[in-house]
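A.B. asks: Quick one: the structure is below, questions incoming.
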Amino acid sequence: MKLSIITLFLSLSTLTTITTTASNDTILDIAGDNLRPGTKYNILPVFRGRGGGISLAHLNHSSSCPLAVVQELSEVNAGQPLTFYPVNGHDKTVKLSTDVNVEFTVTATVWKLSDVAEECGNRRYVVSGGVKGKPGLETVSNWFRIERSESGDYKLVFCPHVCDYCKVLCGDLGVFVDGGRRWLGFGGDFFPVMFRKFEHDQ
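Counting with mature numbering (1 follows the signal peptide of the UniProt record, and there is no 0), you get residues -21 to -1, 1 to 181 for the letters of the sequence shown.
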């Protein structure tokens, strides 16, 4: 009898550990639902009074510069809807520390991290022109991650693991204020985010 009780206790302990581990890497939207590939979301700032959602804008008037990802200035502007696509196309949910493509659904524009180009702002901005899927050397700049910050909020990170032999400089995505715009790029001011399912009447 004692052996059976001990066996049951160990089994329940193992199950609890597995469940806890699984839940710890789950990303939730503001409704408490799992973040799911292919579902439309708005990326919003955690703190009120610090701008709105995420959209696209011209870096400058040069036609050689791609459209860049910006945070809307008004907090009532939720920005454009986006979807997330994990590197493993069979994943049913988007999890922490997983490489994902991020795509604006209206324009089918995939994010990528730009190289430094003086004519385009001399920073590493998140810009349009990425390619969805095809993980490897040629697409390493197109992959991002969602992680937990020290405060417990979600943050966007560039640290792809889709290329085993590539040397990648990892870092958080933050906000640069320049020319009256809030640009998303490598480094910048801390930008904790949350995810809300997109609704047409928002």
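Yeah, the Cβ is synthetic: ideal placement off N, Cα and C, and Gly gets one too.
Does the distance from the C-beta atom of G58 to that of G32 stay below 8 Å?
C.D. replies: Here residue 58 refers to the residue found at position 79 when the sequence shown is read from its first residue. Here residue 32 refers to the residue found at position 53 when the sequence shown is read from its first residue. Yes; because the gap between Cβ atoms is below 8 Å, this pair is in contact.
A.B. asks: Quick test of your reading: K113 and V89, contact by CB under 8 Å. State the CB separation rounded to the nearest angstrom.
C.D. replies: Translated into the one-based positions of the sequence shown, residue 113 becomes position 134. Translated into the one-based positions of the sequence shown, residue 89 becomes position 110. Wrong, their Cβ atoms sit about 11 Å apart, outside the cutoff.
A.B. asks: In the structure shown, what three-state DSSP assignment does N3 receive?
C.D. replies: Indexing the sequence shown from 1 puts residue 3 at position 24. In the structure shown, N3 sits in a helix (DSSP, three-state: H, G or I).
A.B. asks: Do the region 57 to 77 and the region 8 to 16 make contact, defined as three or more Cβ pairs closer than 8 Å?
C.D. replies: Enough Cβ pairs lie closer than 8 Å, so yes.
A.B. asks: Counting along the chain, where does the beta strand (DSSP E) carrying H37 start and finish?
C.D. replies: Position 58 of the sequence shown, counting from 1, holds the residue named residue 37. Unbroken beta strand (DSSP E) run through H37: I33 to H37.
A.B. asks: Using DSSP bridges, identify the partner residues of T86.
C.D. replies: On the sequence shown, residue 86 is found 107 positions in, with the first residue counted as 1. DSSP output for T86 lists no bridge partner at all.
A.B. asks: At a cut of 8 Å, does the region 114 to 128 reach the region 157 to 165 through at least three beta carbon pairs?
C.D. replies: As far as the Cβ criterion goes, the region 114 to 128 does not touch the region 157 to 165, which means the pair count is below three.
A.B. asks: With DSSP collapsed to three states, give me the class of L75.
C.D. replies: In the sequence shown, residue 75 corresponds to position 96, counting from 1. The answer is coil: DSSP assigns L75 none of H, G, I, E or B.
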